[in-house]
Amino acid sequence: MNFGLRMVSEPDQAPIHSITLFVALLCACILIGHLLEKHRWINESITALAIGLCTGTLILLTTKGRSSHILLFDEQLFFIYLLPPIIFNAGFQVKKKQFFRNFMTIMLFGAVGTLISFIIISLGTAQLFKKLDIGFLDTVDYLGLGAIFSATDSVCTLQVLDQEETPLLYSLVFGEGVVNDATSIVLFNAILRFDLSHITSSSAIHLLGNFFYLFGTSTALGIAVGLISAYIIKKLYFGRHSTDREDALMILMAYLSYIMAELFNLSGILTVFFCGILMSHYTWHNMSESSRVTTKHAFATMSFISEIFIFLYVGMDALDIEKWKIVSKSPGKSIGVSSILLVLVLVGRAASIFPLSFISNLTKKSQSDKIGFKQQIVIWWAGLMRGAVSMALAYTQFTRSGHTQLQGNAIMITSTITVVLFSTVVFGLLTKPFISFLLPRKHTMLPSDLTNLKLFNFPFFANGQESEFDMNGDHIPRPVSLRMLLTTPSHTVHHFWRKFDDSLMRPVFGGRGFTAHVHDPPPERIIH
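Have a look at this one:
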């Protein structure tokens, strides 16, 4: 399969012209995004979409309606080259303490919640689309739509939330977003593998079993590659001789984990995410100081460019004349499909977040550890946006190399573009005022801020007893004594993991506090 870029024009100089213009547009997205940085409700995703739409319009005018693209690329390009750095950086940058303290709640929202949304969207489209007579869609298509529109994009919400002010909320939104993407892609791949023309109870169980098999084996592979990279860099001590080799090995092994997962027909997104977590926990601390700085910024930069690339292309593809010509024959159906999908996204999200929040709160003993109703609304809102993953899955399901001639497939692609554009732009622009209304910023140490401190679940509040004051705004909790902090351990999953990690894992694989400081090698002398 061809994974490379394919240019729209045929002349020899056209590829260079097209790539030059596209790279210039990427630079423009970054510059304009920087200038708009003070407006936190306008992020690079919205900027790239807007520039892509404007560029597509200009190209349509200059080509007299023949094309809106500078270049075309196979949809597999997204999964092989653009998605890995985005997901790896998410795992590499994740705040591990908060992520694993809230791991069960994150998995509840990210995995179970995605399954609930998947079921609602699949059943809803199967029942409602048949009444619109949009063309031939089989069971795999309806299930594919469920997976496509279960994938969320919470970037806008994360940019508005303050990680220090609302650590629990930020951790839940961030963690759920990553697990949600992984679950959606695993579901999508599991659906494509099975012949679902005749669904029986045994095939449904087989599908569910395959889902959990992919989830488990993909996670195990990511952990294994992460530990191997940590052991190699710790033992061979590359930093003494060449930080370049050290950086190159870490970057290549991170990408190797994703490619190996694809080779073994596993979920590369899960593998590279957990590989990122393991590498940030062990491998990164085994490197020299300059290598740490280099790799941290290198991963963030690759992820940043990949995201802008995707949204810029989506903006231009939104005006693809080929698909809209097919859809223009029945505009009412296209509007109806887009509206139905948007409503099902809202309903599916609500049906997963609010009941699962209720279940999560039942397991929490402390009132301050529970997810409040306003926080539930923020989590629900964060998952309404649809982005790059939804677009890539839709292209995989309904096009061949970016093209389609079938009416039903064309309507699905244009409707996906419509939902992505509407949710990203409209919901994205409303995110900051909406969250500011629900969770107004506190400029002083108010009880709600101290509630967030208590969410860390450290034992410096009342030794298991009720504090002097409640959390309704009238009272303030305070630590009883430092002795209590030192003598009363927090017996949580994280506590036992730290004991296991310090006694068995870090002595072998290194990590913070278990690796001798690696000084940067002296600069090489150049002999003239």
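Quick note on numbering: this note's numbering labels position 449 of the sequence shown as 524, and the sequence is numbered without any gaps.
Each residue gets a CB set at the ideal place from its N, CA and C atoms; glycine is no exception.
Treat the numbers as computed from the prediction; the structure is a model and nothing was measured.
- For Tyr245, the CB contacts under 6 Å within the same chain, skipping 5 residues up- and downstream, are Leu236 and Gln238 in chain order.
- Under the three-state reduction of DSSP output, Gly585 falls in the coil class, being neither helix nor strand.
- DSSP places Asn177 in no alpha helix (DSSP H); its state is neither H nor E.
- When DSSP states are grouped into helix, strand and coil, Gly447 belongs to the coil group.
- By the CB criterion at 9 Å, Met335 and Ser304 fall outside the cutoff.
- Around the beta carbon of Asn340, fewer than 16 other beta carbons lie within 10 angstroms, which makes this residue exposed.
- Secondary structure of Val389 (DSSP, three-state): helix.
- The DSSP-derived three-state label of Met335 is helix.
- Judged by DSSP in its simplified three-state form, Ala425 adopts helix.
- Separation of Lys574 and Arg176 (C-alpha to C-alpha, rounded to the nearest whole angstrom) is 15 Å.
- The DSSP-derived three-state label of Val169 is coil.
- Residue burial is scored here from C-beta neighbours: Pro430 has fewer than 16 other C-beta atoms within 10 angstroms and is therefore classed as exposed.
- Counting only residues of its own chain and dropping the five nearest sequence neighbours on each side, Leu207 has a CB closer than 7 Å to the CB of Lys408, Gly411 and Val412.
- Taken atom to atom, the span from the alpha-carbon of Phe473 to that of Met354 is near 36 Å.
- By the Cβ criterion, the segment 249-269 is in contact with the segment 182-198, since at least three pairs of Cβ atoms, one from each stretch, lie closer than 8 Å.
- The beta carbons of Ile260 and Ile344 sit closer together than 9 Å.
- The segment 488-501 and the segment 381-400 touch, with no fewer than 3 CB-CB distances between them shorter than 8 Å.
- Asn484 is positioned such that its CB atom lies no closer than 9 Å to that of Gly351.
- In chain order, Phe184, Gly188, Gln451, Ile454, Trp455 and Gly458 place their CB closer than 8 Å to the CB of Ile428, counting only its own chain and leaving out the 5 sequence neighbours on each side.
- Approximately 5 Å separates the beta-carbon atoms of Ser332 and Val347; this is inside 8 Å, confirming the contact.
- Apart from sequence neighbours up to five positions away, the residues of its chain that approach Ile223 with a beta-carbon distance below 6 Å are Ser465, Leu468 and Ala469, ordered along the chain.
- Leu302 and Ile280 have their alpha carbons spaced roughly 33 Å apart.
- Pairing Met377 with Asp322 gives a Cβ-Cβ distance that is not under 9 Å.
- Per DSSP, reduced to three states, the secondary structure at Lys400 is helical.
- For Gly199, the uninterrupted alpha helix (DSSP H) run begins and ends at Gly188 to Leu207, by DSSP.
- Per DSSP, Asp216 is one residue of the alpha helix (DSSP H) stretching across Thr214 to Ile223.
- Counting the other CB atoms within 10 Å of its CB gives Tyr288 a total below 16, which places it among the exposed residues.
- By the neighbour-count definition (other C-beta atoms within 10 Å, threshold 16), Cys102 is an exposed residue.
- An exposed status is given to Pro406, since fewer than 16 other beta-carbon atoms sit within 10 Å of its beta-carbon.
- One Cα belongs to Ser225, the other to Ser317, and the distance between them is close to 45 Å.
- By the Cβ neighbour-count rule, Ser277 is exposed, with fewer than 16 other Cβ atoms within 10 Å of its own.
- If you look at Ile510, you'll find it in the alpha helix (DSSP H) that goes Gly503 to Leu513.
- Taking a C-beta distance under 9 Å as the contact criterion, Phe167 and Leu387 do not qualify as a contact pair.
- Straight-line measurement puts the Cα of Ile298 at about 18 Å from the Cα of Arg587.
- Its chain contains Met377, Ser378 and Ser381 as the residues whose beta carbon lies nearer than 6 Å to that of Pro160, once the 5 sequence neighbours on both sides are disregarded; these appear in chain order.
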